[in-house]
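Notes for the one structure printed next.
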Amino acid sequence: MSLVVVGSVAYDGVETPHGKVDRMLGGAATYISLAAAYFTPVKLVGVVGDDFAQEDSDLLASRNIDLAGLERIAGGKTFFWAGAYSDDMNDRTTLRTDLNVFADFNPRLPEAYRAEPYLLLGNIQPALQRGVLAQMSQIKLAGGDTMNYWIRDYRDELLQTIAKWDFLLINDSEAQMLSGWRNLRRAAEVIQGMGPRTLVIKRGEYGAVLFHGDDHFIAPGYLLEQVFDPTGAGDSFAGGFIGYLAGEGVAANDADCATLRRAVIYGSVMGSFCCEKFGVDRFRSLTREDVDTRFREFQSCTKF
Ligand code: AMP
Numbered sequence: 136m137s138l139v140v141v142g143s144v145a146y147d148g149v150e151t152p153h154g155k156v157d158r159m160l161g162g163a164a165t166y167i168s169l170a171a172a173y174f175t176p177v178k179l180v181g182v183v184g185d186d187f188a189q190e191d192s193d194l195l196a197s198r199n200i201d202l203a204g205l206e207r208i209a210g211g212k213t214f215f216w217a218g219a220y221s222d223d224m225n226d227r228t229t230l231r232t233d234l235n236v237f238a239d240f241n242p243r244l245p246e247a248y249r250a251e252p253y254l255l256l257g258n259i260q261p262a263l264q265r266g267v268l269a270q271m272s273q274i275k276l277a278g279g280d281t282m283n284y285w286i287r288d289y290r291d292e293l294l295q296t297i298a299k300w301d302f303l304l305i306n307d308s309e310a311q312m313l314s315g316w317r318n319l320r321r322a323a324e325v326i327q328g329m330g331p332r333t334l335v336i337k338r339g340e341y342g343a344v345l346f347h348g349d350d351h352f353i354a355p356g357y358l359l360e361q362v363f364d365p366t367g368a369g370d371s372f373a374g375g376f377i378g379y380l381a382g383e384g385v386a387a388n389d390a391d392c393a394t395l396r397r398a399v400i401y402g403s404v405m406g407s408f409c410c411e412k413f414g415v416d417r418f419r420s421l422t423r424e425d426v427d428t429r430f431r432e433f434q435s436c437t438k439f
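Just so you know, we're using this note's numbering here: the sequence shown kicks off at 136 and counts up by one.
Take a look at the structure:
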């Protein structure tokens, strides 16, 4: 049983106080898939140009990530994004977004993907996200991510889309924008009323809050000694969260609070590892044992 992941596969240019990389593997679906693959087999849906390097496909393929759904456009260029971080790394300025082949991305799932039970929709146009869910026939758990642009300019489409999701992952400012409430508890109540029974509000370095039915759970952020590059941390969180649930075989109607809480901690674990090196580099050497060790550290440092 696999997890289908849909979203951007990119090259990124990133500048942080610790250095600068002009071009490296990135994209939301890349981070989600790499993180989720520690827990479950992944099937990736995305689009790249013929400049997408063999070594990058090889990295993904070596991690139990099926690339049959990664379309290659002959003569096209892969999506390129560049950003720079402030000194405290809490703010990011986008320097460049060259959509390239991603501008015409219209995800069509290979036949072999359509009966999979798990779906994570990365941040793409809400109508496209809806179209993907409609192509799947045996979903046990589906949800995804969105961003301020879609909340502001595509609100009606977004509301139609998330109405069918089991879970939504967004950051605190987006939750406030979507709900109209600054208070996160109120915001969560309103958003859960829009469809997703499970809501995870991410709070950057401060962790995340899980809302499920009437229950809520506050997960701290892991205290890293040094954050090298936060790019992809939110996506890696999403990958850890859904990857763990898929690996456990959880369905929307039997998702219990204790399992969802563990999923949020695995999300925090994967987000924290992502920040330790530039781009996806930390995932090159990270082992499942490292992941479980940090999970236990989370348990011991939050127990009282
Ligand atoms: P995060 O730091 O979790 O927000 O994710 C950053 C990743 O999102 C980078 O690897 C970018 O390539 C990708 N990205 C940036 N802008 C967009 C966009 N407009 N649509 C889809 N993916 C994007």
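Glycine residues also receive a C-beta, built at the ideal position from the N, C-alpha and C atoms. Note that the structure is a prediction, hence the values are computed from the model and not measured.
Not one heavy atom of ligand 1 sits closer than 7 Å to the Cβ of glycine 210. For glycine 148, the uninterrupted beta strand (DSSP E) run begins and ends at 145-151, by DSSP. With a contact defined as Cβ atoms closer than 8 Å, alanine 196 and leucine 202 qualify at about 6 Å. Under DSSP, no beta-bridge partner is assigned to glutamate 424.
Tyrosine 253 carries a strand assignment under DSSP once its states are collapsed to helix, strand and coil.
Relative to the Cα of leucine 395, the nearest Cα in the group Cys409, Gly348 and Val180 belongs to Gly348. DSSP lists no bridge partner for glutamate 292. Secondary structure at arginine 429: helix, using DSSP grouped into helix, strand and coil. In the DSSP assignment, arginine 231 falls within the unbroken beta strand (DSSP E) covering 227-233. Sorting Pro242, Phe352, Met271 and Gln264 by C-alpha distance to the C-alpha of tyrosine 253 places Met271 at the top. DSSP, read as helix, strand or coil, puts tryptophan 300 in coil.
In this structure, DSSP gives leucine 276 an extended state, which the three-state scheme calls strand. Proximity of the beta carbon of asparagine 235 to ligand 1 is not indicated: no heavy atom of the ligand is located closer than 7 Å.
DSSP places arginine 396 in no beta strand (DSSP E) but in the uninterrupted alpha helix (DSSP H) bounded by 392-409.
Linking glutamine 295 to leucine 234 through their CA atoms gives a straight-line distance of about 25 Å.
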